[in-house]
Structure formats: C-alpha cells, structure tokens
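Asker: Have a look at the structure that comes next, please.
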Ligand code: ADP
Ligand code: MG
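Here it is in structure tokens:
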C-alpha cells in the first residue's frame with residue numbers, strides 16, 4: 034500500500050485541492066509549533082534568569098494556541114468537504130464507467146459487489162481524508178521545520194533528532210510487515226464468518242426441516258472462535274507496536290535531553306536555547322507516530338478506493354463515434370462469423386455465428402440452454418465485443434457507430450426484465466417518455482397485460498409483480514418505443530396461452546423487425562424463420 038495513491042489525485046480534483054490546503058495548513062502548524070516553543074522558552078528563561086514580566090509572552094502564547102485551534106478546525110472542515118467531494122466524484126465516475134461497460138460486464142454478482150463498494154465501501158474514505166492524509170502532510174512538514182529551527186540554536190541536538198527520527202518509520206514498516214499477514218488472516222476469518230452466518234440463516238428452514246439446526250451450533254462456534262483468536266492476535270500486535278514506537282520516541286527525546294543537560298552544565302548552552310530544544314524535540318516525533326496510527330484506521334478506505342480504480346481501469350470496448358446509424362427500418366442487419374469467448378472461459382459461447390435480419394421479419398432464435406442465444410442479442414446491442422466476426426449494417430461495421438446512437442435502433446427485453454421502483458405506467462413510459470396514458474394502456478394490452486392497473490406499484494426490481502407480469506410490462510415498454518428492431522429474450526416465458534397469443538398478435542402487427550429467443554412451440558411457429566444457435570450446420574436452416 035502506497036502512502037498516497039497518485040490515482041486518487043489524478044481522478045478527483047477535490048483530493049488535489051485538499052492536499053494543497055493541507056500542505057498550507059501543515060506549514061502553518063509547523064511555524065506555530067516553533068513559535069510556541071520559542072515563546073515558552075523565552076518566557077520561562079526570562080522569569081528564571083531575569084525575573085521579568087510574563088504578560089507579553091502569555092498573550093503571545095494565547096494567540097499561538099488560538100491559531101493552532103483554528104488550524105485544526107480548518108483542517109477538519111476542509112477534510113470533510115474533500116471526503117464528500119471525492120466520494121461523490123468517484124461514485125459518479127464508477128457509475129458512468131459501468132454504464133459504458135454495459136449489463137454483461139455488470140453481471141448480477143458484480144452489481145451487488147459494486148453496490149456495497151459505492152455505498153458503505155467508499156464511506157471508509159472519511160478517516161483517510163480526515164485523519165490520515167493531514168497527518169501525512171504534517172509528518173512531512175513539521176519535523177523538517179522543527180529540526181531546522183533547532184539547528185539554529187543547537188546543532189548537536191538537531192543532529193541527534195535527525196539520526197533517531199528515521200528509526201520510527203523503519204520500525205513502523207517492520208511492524209506493518211508482521212501485521213499485514215495477521216490482518217489478512219483476520220479479514221479472511223471475518224469473511225468466512227459472515228458467509229457462514231448468512232448461509233445458516235438463509236438455510237435455517239431447510240436445516241430445521243432435516244433436524245440439522247443444532248449441528249450448526251458447533252460449526253458457528255468454531256468459526257467464531259477462530260475469528261476471536263485472529264482479532265486478539267492483531268490487537269496484541271497493535272498494542273505492542275504502539276508501545277514500541279512510544280518507547281522509541283521517549284528514548285530519543287531522553288537522548289536529546291541528556292546531551293542538552295550536559296552542555297547546559299558545562300556552560301556551552303544558554304538556558305533559553307536548551308529549553309527551546311527540549312520543548313521542540315517531542316514535537317518532531319509526534320506527527321510520525323500519529324501517521325502510523327492513522328494509516329491503519331484508513332486501510333479500509335484505501336482498499337475501497339483501490340477497488341474503485343480497478344473498475345475505472347477496466348478498458349471500454351473500442352467504439353467509433355459516427356452518428357449516422359443506418360435506419361434499420363429499411364436496412365438489413367448481418368452477423369458474419371461472430372465468435373465470442375467470455376473472459377475466463379475456454380469454450381467460446383458463440384462460435385462462427387452468421388445471421389441475416391431483414392427489415393420487418395420475425396425471427397426466432399432457438400437452441401439448448403447455454404448455446405449462446407442471449408449472447409447473440411448482447412453482441413447486436415454492442416454489450417459484448419466479438420473476438421472474431423462483425424455486425425454489419427448498410428455496409429459499415431456496427432462498432433464504427435456511437436454506441437448510444439446505435440442502440441436507439443433497438444428495444445430490448447432481457448431475460449430479467451429490469452423494472453425499477455415506481456408504478457406500472459412509469460416503467461412502461463421509459464420506452465417513450467412523452468407517451469399518453471392511452472398509449473400506455475394500448476401497449477399493455479398488446480403485451481397481454483390488459484388487466485394490470487397503470488398505477489400499480491411494481492416495487493424494487495418489480496418484486497410486487499409476478500414473473501409473467503414483469504415480463505409483460507417490459508414487453509409493453511419495448512413495444513412503445515420508436516425503435517425499429519425488437520430484441521426479445523424469451524418474451525412469453527411465464528405467460529399463459531391466451532396472453533402468449535396476444536403477444537404474438539402484437540409482435541406480428543407491430544411492423545417491427547423482431548429477433549426473439551424462443552422455446553415455446555406457439556412462439557416459434559409464429560416466426561417467419563427459425564435460426565438455431567449452437568449447431569453450425571443448422572444455422573439459417
Ligand atoms: P443462452 O441464452 O443460449 O442460454 P447465453 O448466451 O446466456 O446462453 O450463454 C452462453 C454461454 O456463455 C454459457 O455457457 C454461459 O455460461 C456463458 N456466459 C454467458 N454470459 C456470461 C458472462 N457474462 N461471463 C461469462 N460467461 C458467460
Ligand atoms: Mg439466455
């Protein structure tokens with residue numbers, strides 16, 4: 034883990050502004066620390082040696098304390114703002130990027146991981162900005178200023194600090210080295226524990242049914258014990274390490290103090306300078322020790338931001354920016370020799386697939402499960418880039434066109450209908466925002482869902498509707514669009530025979546080009562042509 038991830042500065046302007054402000058605040062803090070030490074030394078020496086008044090020095094000290102308080106306050110304000118700004122920038126960038134990567138990349142497990150990352154995960158950046166980064170800046174400004182000023186009064190003391198100071202980061206690195214493995218073990222134990230709990234709770238009914246619920250007790254206890262042991266282990270190291278660092282800093286200060294004391298007795302050093310050096314010495318070590326503490330507190334946030342950068346650095350498929358997409362109402366679509374192998378798979382999902390889609394025809398895609406039917410639709414939509422082969426329309430390859438313009442030609446009903454919170458009407462209206470209620474009713478009627486009230490709430494991901502109803506709402510939405518080509522992934526699954534007949538009539542009379550993944554005989558029979566995926570010799574038969 035780097036102390037400061039340069040990608041964070043590159044991606045988020047808020048982080049750059051924050052760093053600049055923090056450096057200013059850090060330098061000001063360093064100056065105030067030195068001024069405070071000088072004033073204290075001057076005041077004490079004045080009282081002891083000359084019996085002088087302290088009021089002028091006291092006012093100066095008060096001003097310094099107020100100044101330091103203001104700086105801490107300012108740092109806090111700047112940090113909170115920066116954290117909020119950076120989090121929202123990163124969230125927006127990840128959302129934009131994953132939209133461009135498309136739904137195939139954003140498979141269901143990835144989308145739930147991404148949800149956690151973008152909500153809870155990124156919130157862990159708060160301590161990173163509020164604690165760690167300011168401390169990092171202080172650690173790189175304050176010791177330098179302190180040692181520099183000490184050198185003007187007492188070179189030997191400054192040299193002592195200069196030599197002992199690097200011991201702290203060295204020890205921190207050594208300790209970090211040891212803790213890394215331990216904290217990884219703890220993270221792992223925690224993940225196992227969480228997974229196990231979720232598993233047991235999720236399957237409690239089944240476990241109860243088969244009389245195995247009791248047996249889980251010991252399993253959970255075992256996992257919990259391991260987690261407890263791992264936690265105690267890392268706590269032990271954490272306490273021990275802060276003790277070691279504390280000791281190191283104290284010994285170093287003592288070393289400085291002994292030297293200063295001896296020279297003071299010898300008369301080689303004035304009392305005021307000696308006091309100044311003694312007051313300043315601990316200040317040189319403090320920021321470095323603090324940065325080590327905060328480093329651990331912000332580790333989760335850094336891990337989350339690394340995850341974010343991994344998403345942002347996923348390359349986008351290369352697409353052109355031509356906006357003159359041919360009108361598929363009159364232009365046929367061709368797929369030539371399309372071959373798709375998903376990342377991490379050995380077998381191609383689609384191997385040398387050819388297809389011609391003429392305007393106005395209804396084509397059924399058939400084939401066994403996993404043959405690559407949904408992949409054909411994803412290729413047409415540009416969500417998957419084939420490793421070999423092309424999609425051609427009007428003499429140009431599809432990837433020359435701007436993907437957004439290209440997709441305007443298509444309405445897509447995926448296997449999972451993808452409804453969102455709101456009413457039935459809201460969801461259908463996504464197809465054409467300016468559609469009237471009557472048009473929506475008509476679309477629902479065509480989709481075989483005449484009985485569905487427009488103002489019925491669909492719930493999150495359409496959970497308040499049955500599977501068949503969700504599919505019909507999605508179909509109505511697709512029918513409502515102006516897109517000339519409909520891509521339907523099993524549009525009549527979960528529909529009864531009457532509804533299916535209504536859908537078939539609607540598809541046939543829509544005048545649109547239809548490419549549909551079909552299993553049911555009635556749907557297949559309604560097509561002009563059937564194309565089988567996964568069996569090369571049968572393609573276009
Ligand atoms: P069908 O729709 O015909 O059932 P798909 O096109 O969904 O088939 O899938 C074809 C093959 O590609 C299957 O073996 C499937 O497991 C695999 N596949 C589909 N989507 C992905 C993906 N996002 N990542 C990896 N493999 C995938
Ligand atoms: Mg499929």
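In this note's numbering, the protein residues as written are 34 to 574. Ideal placement from N, C-alpha and C gives every residue a C-beta, glycine not left out.
#1: Helix, strand or coil: which one does DSSP assign to residue 402?
#2: Rank 99, 98, 100, 73 by C-alpha distance to the C-alpha of residue 87 and give the top, closest one.
#3: When we look at the beta-carbon of residue 612 and count the other beta-carbons within 10 Å, is it buried (16 or more) or exposed?
#4: Kindly list the residues whose CB is nearer than 7 angstroms to the CB of residue 264, restricted to its own chain and excluding five residues on each side of it in sequence; keep chain order.
#5: Report yes if the C-beta of residue 173 is less than 6 angstroms from at least one heavy atom of the ligand ADP; otherwise report no.
#6: Going by DSSP, what residue range makes up the alpha helix (DSSP H) through residue 122?
#7: Over what stretch of residues does the beta strand (DSSP E) that includes residue 563 continue unbroken?
#8: At a cut-off of 6 angstroms, would you count residue 140 as near the ligand MG, judging by its Cβ distance to the nearest heavy atom?
#9: Residue 166: which of 177, 113, 433, 469 sits nearest, CA to CA?
#10: Is residue 43 a contact residue of the ligand MG, with contact defined as CB to any heavy atom under 6 angstroms?
#11: Using the Cβ count rule (16 or more neighbours within 10 Å means buried), how would you classify residue 180?
#12: By the three-class DSSP mapping on this structure, what secondary structure does residue 389 have?
#13: Contact defined as beta carbons within less than 8 angstroms: I believe residue 155 pairs with residue 310. What is the distance between those atoms, to the nearest angstrom?
#14: Along the chain, where does the alpha helix (DSSP H) containing residue 52 start, and where does it finish?
#15: Count the other CB atoms, across all protein chains shown, that sit within 10 Å of the CB of residue 44; report buried if there are 16 or more and exposed otherwise.
#16: Quick check on the burial criterion: 16 or more other C-beta atoms within 10 angstroms. Buried or exposed for residue 574?
#17: Measuring alpha carbon to alpha carbon, tell me which of 516, 52, 384, 476 ends up nearest residue 538.
#18: Output needed for residue 131: all residues of its chain with C-beta closer than 6 angstroms, excluding positions within five of it in sequence on either side, in chain order.
#19: What do you reckon, is the C-beta of residue 403 under 6 angstroms from a heavy atom of the ligand ADP?
#20: Pull up the CB-CB distance for residue 111 and residue 55, whole angstroms please, since I reckon it's below 8 angstroms.
#21: Per DSSP, which residues does residue 371 bridge with? Please list them.
#22: What's the C-alpha gap between residue 289 and residue 148?
#23: Taking DSSP's pairing of strands, which residues face residue 542 in a bridge?
#24: Considering only residues of the same chain and omitting the five flanking positions on each side of residue 361, which have a CB-CB separation below 6 angstroms?
#25: May I have the straight-line CA-CA distance separating residue 348 from residue 451, to the nearest angstrom?
#26: Hey, how far is the Cα of residue 60 from the Cα of residue 282?
#27: Once you ignore the five residues that flank residue 380 on each side, which residues in its own chain have a CB closer than 8 angstroms to its CB?
#28: Cutting at 6 angstroms between CB atoms, please list the residues of its own chain near residue 159, excluding the five before and the five after it.
#29: Comparing the CB of residue 407 with every heavy atom of the ligand MG, is any distance shorter than 6 angstroms?
#30: According to DSSP, which residues form a beta bridge with residue 366?
#31: In chain order, what are the residue ranges of uninterrupted alpha helix (DSSP H) at least 4 long that sit wholly in the region 461–509?
#32: Straight-line CA distance for residue 571 to residue 424?
#33: Pick helix, strand or coil for residue 522, following the three-state DSSP scheme.
#34: CB of residue 457 to nearest heavy atom of the ligand ADP: below 6 angstroms?
#35: Can you list, in chain order, the residues of its chain whose CB lies under 6 angstroms from that of residue 354, leaving out five sequence neighbours each side?
#36: How would you call residue 363, buried or exposed, if buried means at least 16 neighbouring beta carbons within 10 angstroms?
Answerer: Walking through what the data contain:
#1: Here residue 402 is taken as the residue at index 369 of the chain shown, counted from 1. Three-state result, residue 402: coil.
#2: Residue 87 sits at position 54 when you count from the first residue of the chain shown. It is 73 whose Cα lies nearest to the Cα of residue 87.
#3: In the structure as shown, the chain starts at 34 and stops at 574, and residue 612 therefore has no counterpart that could be examined.
#4: Position 231 of the chain shown, counted from the first residue, corresponds to residue 264. So the list reads 219, once near-sequence residues are dropped.
#5: Residue 173 sits at position 140 when you count from the first residue of the chain shown. Flag unset: Cβ of residue 173 not near the ligand ADP.
#6: As a working note, residue 122 is residue 89 in the chain shown. Counting along the chain, the alpha helix (DSSP H) containing residue 122 begins and ends at 88–138.
#7: Sequence index remark: in the chain shown, residue 563 carries index 530 (1-based). Taken as a continuous stretch (DSSP letters only), the beta strand (DSSP E) holding residue 563 covers 562–565.
#8: As a working mapping, residue 140 is identified with position 107 in the chain shown. Not under cutoff, so the answer is no.
#9: In the chain shown, residue 166 corresponds to position 133, counting from 1. For residue 166, the nearest C-alpha among the options comes from 113.
#10: By one-based count along the chain shown, residue 43 stands at place 10. No, Cβ of residue 43 sits at least 6 angstroms from all heavy atoms of the ligand MG.
#11: The sequence position of residue 180 within the chain shown is 147, counting from 1. Label assigned to residue 180: buried.
#12: In the chain shown, counting from the first residue as 1, residue 389 sits at position 356. Of the three classes helix, strand and coil, the one that applies to residue 389 here is strand, per DSSP.
#13: As a working note, residue 155 is residue 122 in the chain shown. As a working note, residue 310 is residue 277 in the chain shown. Between residue 310 and residue 155 the Cβ distance is about 45 angstroms, and since that is not below 8 angstroms, they are no contact.
#14: One-based indexing of the chain shown puts residue 52 at position 19. Here the alpha helix (DSSP H) through residue 52 covers 46–78.
#15: For the purposes of this step, residue 44 is taken as the residue at position 11 of the chain shown. Buried: at least 16 other Cβ atoms inside 10 Å.
#16: As a position in the chain shown, residue 574 is number 541, starting the count at 1. Caution applies to residue 574, whose pLDDT of 41 falls short of 50 and renders its modelled position unreliable; the value that the coordinates give is listed next. By the 10 Å Cβ count, residue 574 comes out exposed.
#17: To locate residue 538, count along the chain shown from 1; it is residue 505. Of the listed residues, the one whose Cα sits closest to residue 538 is 476.
#18: Position 98 of the chain shown, counting from 1, holds the residue named residue 131. 139.
#19: Within the chain shown, the letter at position 370 stands for residue 403. The answer is yes for residue 403.
#20: Translated into positions along the chain shown, residue 111 becomes position 78. Translated into positions along the chain shown, residue 55 becomes position 22. So it is a contact: roughly 7 angstroms between Cβ atoms.
#21: Stepping through the chain shown from its first residue, residue 371 is reached at position 338. Paired residue(s): 386.
#22: Taking the chain shown and counting its residues from 1, one reaches residue 289 at position 256. Taking the chain shown and counting its residues from 1, one reaches residue 148 at position 115. About 53 angstroms.
#23: Taking the chain shown and counting its residues from 1, the one referred to as residue 542 is at position 509. According to DSSP, residue 542 bridges with nothing at all.
#24: Along the chain shown, read from residue 1 onward, the residue named residue 361 stands at position 328. The answer, listed in chain order, is 442, 517, 518.
#25: The residue labelled residue 348 in the question sits at position 315 within the chain shown. The residue labelled residue 451 in the question sits at position 418 within the chain shown. Rounded to the nearest angstrom, the two C-alpha atoms are 25 angstroms apart.
#26: For the purposes of this step, residue 60 is taken as residue 27 along the chain shown, with counting starting at 1. For the purposes of this step, residue 282 is taken as residue 249 along the chain shown, with counting starting at 1. Looking at the two C-alpha atoms, the distance is approximately 22 angstroms.
#27: As a position in the chain shown, residue 380 is number 347, starting the count at 1. Answer for residue 380: 374, listed in chain order.
#28: Translated into positions along the chain shown, residue 159 becomes position 126. Excluding sequence neighbours, residue 159 sits near 116.
#29: If you number the chain shown from 1, residue 407 lands on position 374. Yes, the ligand MG has a heavy atom inside 6 angstroms of this Cβ.
#30: Along the chain shown, read from residue 1 onward, the residue named residue 366 stands at position 333. According to DSSP, which records beta bridges pairwise, residue 366 is partnered with 390, 426.
#31: 470–479
#32: Reading the chain shown from its first residue, position 538 is the one you call residue 571. Reading the chain shown from its first residue, position 391 is the one you call residue 424. In this predicted model, residue 571 has a pLDDT of only 44, less than 50, meaning its place in the structure is not dependable; the value taken from the coordinates is given anyway. Cα to Cα, the separation comes out at about 20 angstroms.
#33: Here residue 522 corresponds to residue number 489 of the chain shown, with the count starting at 1. Strand at residue 522.
#34: One-based indexing of the chain shown puts residue 457 at position 424. No, the beta carbon of residue 457 sits no closer than 6 angstroms to any heavy atom of the ligand ADP.
#35: The residue labelled residue 354 in the question sits at position 321 within the chain shown. Cβ within range, chain order: 435.
#36: Residue mapping note: residue 363 aligns to position 330 of the chain shown, counting from 1. The residue is exposed, with fewer than 16 neighbouring Cβ atoms inside 10 Å.
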